[in-house]
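Engineer: Under the working numbering, the letters of the sequence shown match residues 738 to 1208, in that order.
For every residue, glycine included, the Cβ atom is placed at its ideal position computed from N, Cα and C.
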Amino acid sequence: MPSPRPADTGSNNIYDLIVVGSGPAGQKAAICAAKLRKKVAVIERKRTIGGVCVHTGTIPSKTFREAILYLSGLRQRTFYGRGYALKETISMQDLIFRSDAVMAREIEVIKAQLRRNRVTVYEGNARFLDAHTMEVASDDGLTMLRGHNFVIACGTRPAHDAEIPIDGKRIFDSDQVHDLEELPRELIVVGAGIIGLEYASMFAALGVKVTLLDQRPTLLDFVDREIVESLLFQLRQLGTVFRLGEKVVSVGFDQERDRVFAKLESGKTVHGAALLYAVGRQANSDQLNLEAIGLVPDGRGKLIVDENFQTAIPHVYAAGDVIGFPALASTSMEQGRLASCHIFGVPGNIPPNLIPYGVYTIPEISMVGATEEQLTRDRVPYEIGIARYAELAKGQMLGDDQGFLKLIFDPSSLKLLGVHIIGDRAAEIVHIGQAVIALGGTIEYFRDTVFNYPTLAEAFKVAALDGLNKL
Ligand SMILES: Cc1cc2nc3c(=O)[nH]c(=O)nc-3n(C[C@H](O)[C@H](O)[C@H](O)COP(=O)(O)OP(=O)(O)OC[C@H]3O[C@@H](n4cnc5c(N)ncnc54)[C@H](O)[C@@H]3O)c2cc1C
């Protein structure tokens, strides 16, 4: 335990805003307040800033994916045959080398942004002492900070189960993927949420024999069903085995056979060389001494906020993964910024139907706006238009003959209601549809607009023509 240092009651340690956590939500909350000329401190308990996003989540996993796509030559196989690979034997070191490089640069960018905006960063573990005082415990001792306002952006960690013997080597969670020394030959993935699916598809693309287990009978409930079917088909093509609607009752390591196993409630046992446990995340709010300010989180530690990200205590806000769904880096940044805007009286909001979702499986999925399922449930009439990547010159050049883009629109007004894409660069091109929905546009915009050729963006035009032909 660090030795207590007397509380500094001087004005130096009094801030307009104290932010707990330096992930996307914390960074943007801090920078927004600093731009409003407020005195801001960020407290981060890890030695380096950036949060889960930079260290174990978004950045490493997406760089890992890029490295896999490049080295495995997966997309090129349409032309050069199933056996094609840029590098014959791909090691964990090949993949980690690239993520480490990107992470290092990303950390420098964030540090420079905070420094430029004169945000003071404290390294240490933050906890409330009272409604306006926070204690920061580091190797150097204790520091007391006083804040007029707080943004809690402490994020989450992988949820663990006492029955799952995670050792970080053969049985590991998503934070530990990048510490693996070698690629397993077979991998069991428990949990088919976004993280489980993304890693399952990445390992499958590397030729690892993947078995995916989930107690839910269907995948990605918020995603268009046709897209989910296409994902399942393409993952099966990569050799992935799905065991859905199957509850895992125990996981262990069989010393004799040198294999891990997962026992299912149905009586089956699945064996593999390694197991990734990706069942949910637990909020870090339990380490903040919230009792001192009378704030009560829910069972998984999530904090309840209103539309302005304000908790039940008016000068304490929360943003990012600690407030739950959608728990994305993209939305966390915006929530952090909006929390600061509200604290300091600047208006702003996130239009709920305009959040784009990106699922970086191989193949990639992205969507914005309504799904067919939602509209059917709400009895809203709609028509669809589809463009298949195989019909696009660019799709053929890239070797993606499975991708497609679906537009959902109102058949009377022709207003665009939703865009759903599976295939290369889905998460990039979805923003074209997002802009048109935001501006209340119709699919005639795509019909009447010249797109660069050849591009995947051209899919919007092809899908619009397909939709208009149906009317
Ligand atoms: C494997 C994986 C892949 C992902 N991929 C994507 C993706 O492709 N796209 C996307 O948009 N999102 C993705 N996400 C989600 C994204 O990483 C999170 O939504 C985002 O990081 C949340 O940001 P945050 O600021 O809320 O918290 P975090 O990034 O979790 O940061 C919280 C910070 O608070 C610090 N902290 C916690 N408690 C304390 C304390 N008491 N004192 C001081 N510091 C504290 C932590 O050390 C941490 O650095 C992914 C997540 C994972 C796990």
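Taking the alpha carbon of Thr826 as the reference point, which residue from Val757, Ile805, Ile786, Ser875 has its own alpha carbon closest?
Structural biologist: Taking only the C-alpha atoms, the option nearest Thr826 is Ile805.
Engineer: Out of Glu803, Pro761, Ile889, which one is the CA nearest neighbour of Val846?
Structural biologist: Minimum Cα distance to Val846 is reached at Pro761.
Engineer: Here's the rule: buried if 16 or more other CB atoms are within 10 angstroms of the residue's CB, otherwise exposed. What is Glu1002?
Structural biologist: By the neighbour-count rule (16 or more Cβ atoms within 10 Å), Glu1002 is not buried but exposed.
Engineer: Any idea what DSSP makes of Ala766, helix, strand or coil?
Structural biologist: Looking at Ala766 - three-state DSSP - the assignment turns out to be helix.
Engineer: Which residue's Cα is closest to the Cα of Met871: Arg855, Asp958, Val839, Ala1029?
Structural biologist: Closest by alpha carbon: Ala1029.
Engineer: Alpha carbon to alpha carbon, how far is Arg852 from Thr893?
Structural biologist: Straight-line Cα distance between these residues: approximately 25 Å.
Engineer: Which residues mark the beginning and the end of the alpha helix (DSSP H) in which Val965 is found?
Structural biologist: Taken as a continuous stretch (DSSP letters only), the alpha helix (DSSP H) holding Val965 covers 962–974.
Engineer: For Pro954 and Phe801, what's the separation of their Cα atoms in angstroms?
Structural biologist: Going from the Cα of Pro954 to the Cα of Phe801 covers about 29 Å.
Engineer: Taking Cβ positions, are Val1016 and Gly905 nearer each other than 8 Å?
Structural biologist: Not closer than 8 Å, so no.
Engineer: Look up Ala999 in the DSSP assignment and give the residues it is bridged to.
Structural biologist: Partner(s): Val988, Val1007.
Engineer: Pairing CB atoms from the segment 877–885 with CB atoms from the segment 941–959, are three or more of them under 8 Å?
Structural biologist: No, they do not touch.
Engineer: Based on the DSSP output, what are the partners of Ser1103 in its beta bridges?
Structural biologist: Gly1095, Ile1158, per the DSSP bridge assignment.
Engineer: Is it the case that the Cβ atoms of Gly1095 and Ala1164 are separated by a distance below 8 Å?
Structural biologist: Contact flag set, yes.
Engineer: Under three-state DSSP, which class holds Ile897?
Structural biologist: The displayed chain sequence assigns His, not Ile, to residue 897. Residue state, collapsed to three classes: coil.
Engineer: Between Leu1112 and Ile1145, how many whole angstroms is the CB-CB distance? I'm expecting something under 8 Å.
Structural biologist: Leu1112 to Ile1145, Cβ: 7 Å. Contact.
Engineer: What separation, rounded to the nearest whole angstrom, lies between the Cα atoms of Leu943 and Pro921?
Structural biologist: Answer to the nearest angstrom: the Cα atoms are 10 Å apart.
Engineer: Taking a contact to mean a Cβ-Cβ separation below 8 Å, would you say Ala1130 touches Leu1025 in this structure?
Structural biologist: Not a contact, by the Cβ cut-off of 8 Å.
Engineer: Round the Cβ separation of Leu1193 and Gly1132 to the nearest angstrom and send it over; I've been treating them as touching at under 8 Å.
Structural biologist: The pair is a contact, with the Cβ atoms about 7 Å apart (cut-off 8 Å).
Engineer: Name the one or two DSSP bridge partners that Gln1019 has.
Structural biologist: Answer by DSSP bridge pairing, in chain order: Arg894.
Engineer: Just the C-alpha distance for Gln830 and Leu1012, rounded to the nearest angstrom, thanks.
Structural biologist: Near 19 Å, if we compare the C-alpha coordinates of Leu1012 and Gln830.
Engineer: Any beta carbon from chain B within less than 8 Å of Cys1078's own beta carbon?
Structural biologist: Absent from the structure is chain B; it holds one protein chain and no more.
Engineer: Mind the definition here: the segment 1096–1107 touches the segment 968–987 only if three or more C-beta pairs lie below 8 Å; say whether that holds.
Structural biologist: Taking 8 Å as the limit for Cβ pairs, the verdict is that the segment 968–987 does touch the segment 1096–1107.
Engineer: Thinking C-alpha only, which one of Asn1086, Ala838, Thr948 is nearest Phe979?
Structural biologist: Among Asn1086, Ala838, Thr948, the Cα nearest to that of Phe979 belongs to Thr948.
Engineer: Over the uninterrupted beta strand (DSSP E) stretch that includes Arg1125, give me the two end residues.
Structural biologist: Here the beta strand (DSSP E) through Arg1125 covers 1120–1125.
Engineer: What residue does the beta strand (DSSP E) around Leu773 start on, and which one ends it?
Structural biologist: Here Leu773 belongs to no beta strand (DSSP E), and DSSP marks it neither H nor E.
Engineer: Is Ala863 near ligand 1, going by C-beta to nearest heavy atom under 7 Å?
Structural biologist: At least one heavy atom of ligand 1 is nearer than 7 Å to the Cβ of Ala863, so yes.
Engineer: Going by other Cβ atoms of all chains shown within 10 Å of its Cβ, with 16 needed for buried, is Phe1141 buried or exposed?
Structural biologist: Looking at its Cβ environment, which holds 16 or more other Cβ atoms inside 10 Å, Phe1141 is buried.
Engineer: Among the residues of its own chain, which have a CB less than 7 Å from the CB of Gly884, if the five just before and after it don't count?
Structural biologist: Only Tyr752, Leu754, Ile755, His869, Met871 meet the Cβ criterion.
Engineer: Considering Asn1206, what are the terminal residues of the alpha helix (DSSP H) in which it resides?
Structural biologist: Looking at the DSSP string, the run of the alpha helix (DSSP H) that includes Asn1206 is 1196–1206.
Engineer: Going along the chain, which residues of its own chain have a beta-carbon closer than 6 Å to the beta-carbon of Ala1066, five neighbours each way excluded?
Structural biologist: Within the same chain, Ala1066 has close Cβ partners Pro761, Cys790, Thr795.
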